[in-house]
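Trainee:
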Amino acid sequence: MPAPKSWLEELTLSKLHRLATALGTPCSGTKLARIEAIRNATSNSVQNGDSRGTVSDLSLLSIDMGIRNLAFAHLTAPAEEVTRPLKHIRYGRPTLRAWRRIAVAESLDVTTSSHRDSALEMSTSAAIELVAAAKESFEPIDYARHAYNLVKSILQTYQPNHILIERQRFRSGGQSAVQEWTLRVGVFEGMLYSVLRTLIEEHKLQLSIEPMQPPRVNRYWLEGSKDLLGSKEKKMVGREVKKAKVDLVGNLLREGSSVICVGKEVQPTALDFISRVSQASKRGRADTTNISKLDDLADSLLQGLAWIQWQNNRRRIEAQGRDAVDMASGTLS
1 MPAPKSWLEE LTLSKLHRLA TALGTPCSGT KLARIEAIRN ATSNSVQNGD
51 SRGTVSDLSL LSIDMGIRNL AFAHLTAPAE EVTRPLKHIR YGRPTLRAWR
101 RIAVAESLDV TTSSHRDSAL EMSTSAAIEL VAAAKESFEP IDYARHAYNL
151 VKSILQTYQP NHILIERQRF RSGGQSAVQE WTLRVGVFEG MLYSVLRTLI
201 EEHKLQLSIE PMQPPRVNRY WLEGSKDLLG SKEKKMVGRE VKKAKVDLVG
251 NLLREGSSVI CVGKEVQPTA LDFISRVSQA SKRGRADTTN ISKLDDLADS
301 LLQGLAWIQW QNNRRRIEAQ GRDAVDMASG TLS
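Mapped onto our numbering, the consecutive letters of the sequence shown carry residue numbers 1 to 333.
Have a look at this one:
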């Protein structure tokens, strides 16, 4: 049963919104529903460890869903004990170990991420040509094979203990129609869960799977990290959101970031990403091609980093209670 945390009831809706953004919990619904979501999330963050609240070192695989443009980031982070002001466990600075963008119908070799043509060079047009040449099939029997091959490959290569999968929405932008391509990605998403669940049960894997809501990830970075983007009061939509996230990742990857460390094996991809961000910025709004090539990679990385920050923030609140929160604003103190 979640700890009461009665002090949450003192916060207004706007303050609860800020706190929920920092924790990755819902920002909609009644005040009671938002408070209950925060209570559950903070309580579960401790229960996810062992009976003493111990948390293992993290091996996290973050997947941005797609079929011709599936992207994933592999992050590792040490579990560290914080002793002041109150003892709790948190993840230390994460290291990016692998970063790929693939077409799932290709012959998958996730171990080749150090080569330039394995990540950024797989443009949308190149992926379409590759798949068309192979007489791309969208039959469930073929999807199932791709899902199994992908899951087996990433489990053997990266040995994650947590996997995040971007949650698909059937409609976006207020559209009434459900696009056929959206349904195809949704089918593949479901197959990934099925394969993972089967392997977890059969092989007794110590592996947690969690769906990730893109609006919550976007809200965390675009509302909660304005210092990394510069102040942006105007609400962003569509391509503006994509560009903002790509720019943000470019800033994070540059030398000196306190948020992430780039592993040696990923440095060529990271440098290429930074170069392309700079090129796109110089060319202005007209250059949408480079942004589209970088968008999926950016999403997979930001999703993983947001989850790590959410876990740390939740554990901090569970340990410190109201002392972890600036009650005047609803932000973490």
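Positions of the beta carbon are idealized from the N, C-alpha and C atoms, including for glycine. Nothing here was measured: the structure is a model prediction, and the numbers come from that model.
#1: Looking at the secondary structure, which residues open and close the beta strand (DSSP E) in which Phe72 lies?
#2: How long is the line joining the alpha carbons of Tyr143 and Leu150, rounded to whole angstroms?
#3: Out of curiosity, what's the CA-to-CA distance linking Glu36 and Pro26?
#4: The beta strand (DSSP E) that contains Arg90, what's its start and end?
#5: Going by C-alpha to C-alpha distance, which of Val185, Arg34, Glu80 sits closest to Asn69?
#6: DSSP puts His162 in a beta bridge; with which residues?
#7: Quick one: grab the DSSP three-state call for Ile102.
#8: What does the alpha-carbon distance come out to for the pair Ile163 and Ala147?
#9: Pull the bridge partners of Cys345 from the DSSP assignment, please.
#10: So Val217 packs on Leu301, CB below 8 Å; how close in whole Å?
#11: Note down the Cα distance separating Ile38 from Gly321, rounded to an integer number of angstroms.
#12: Under the three-state reduction of DSSP, which class applies to Leu332: helix, strand or coil?
#13: Could you check where the alpha helix (DSSP H) with Glu201 kicks off and where it finishes?
#14: From Thr157 to Pro78, what distance separates their C-alpha atoms?
#15: Return helix, strand or coil for Glu139, following the three-state DSSP convention.
#16: Decide yes or no for the touch test of the region 258-269 against the region 200-219: beta carbon pairs closer than 8 Å, at least 3 of them.
#17: Note down the Cα distance separating Ile317 from Ser28, rounded to an integer number of angstroms.
#18: How big is the Cα-Cα spacing for Leu86 and Ser275?
#19: Can the beta-carbon of Trp221 be found closer than 8 Å to that of Leu23?
#20: Just to check my reading of the structure: Arg18 and Thr331 have Cβ atoms closer than 8 Å, yes? What is that Cβ distance to the nearest angstrom?
#21: Where does Val55 fall in DSSP's three states?
#22: CA-CA distance, Asp326 and Ala280?
#23: Count the other C-beta atoms from every protein chain shown that fall within 10 angstroms of the C-beta of Asp57, then say buried if there are 16 or more, exposed otherwise.
#24: Can you tell me which of the three DSSP states Val82 falls into?
Mentor: Once the coordinates are examined:
#1: Its beta strand (DSSP E) spans residues 70-77.
#2: Whole-angstrom Cα-Cα distance: 10 Å.
#3: So the two alpha carbons sit approximately 10 Å from each other.
#4: Element bounds for Arg90: 88-91.
#5: Put simply, of Val185, Arg34, Glu80 the residue whose alpha carbon is nearest the alpha carbon of Asn69 is Val185.
#6: According to the DSSP secondary-structure assignment, His162 is paired through a beta bridge with Leu60, Ser208.
#7: Assignment of Ile102 by DSSP, reduced to helix, strand and coil, places it in the strand class.
#8: Approximately 15 Å, taken between the alpha carbons.
#9: Summary: the structure shown does not reach residue 345, with the chain confined to residues 1 through 333, and so no result is reported for it.
#10: Incorrect: roughly 11 Å between the Cβ atoms, too far for contact.
#11: Ile38 and Gly321: Cα-Cα distance of roughly 12 Å.
#12: Assignment of Leu332 by DSSP, reduced to helix, strand and coil, places it in the strand class.
#13: 180-203 is the span of the alpha helix (DSSP H), which, as asked, contains Glu201.
#14: Thr157 and Pro78 have their C-alpha atoms spaced approximately 19 Å apart.
#15: The answer is coil: DSSP assigns Glu139 none of H, G, I, E or B.
#16: No: fewer than three Cβ pairs fall under 8 Å.
#17: Straight-line Cα distance between these residues: approximately 21 Å.
#18: So the alpha carbons of these two residues sit roughly 43 Å apart.
#19: One thing to note: Trp221 has its Cβ no nearer than 8 Å to the Cβ of Leu23.
#20: With a Cβ gap of about 5 Å, Arg18 and Thr331 count as contacting.
#21: Coil, per DSSP.
#22: Within the model, the alpha-carbon separation for Asp326 versus Ala280 is close to 39 Å.
#23: That one is exposed.
#24: Strand at Val82.
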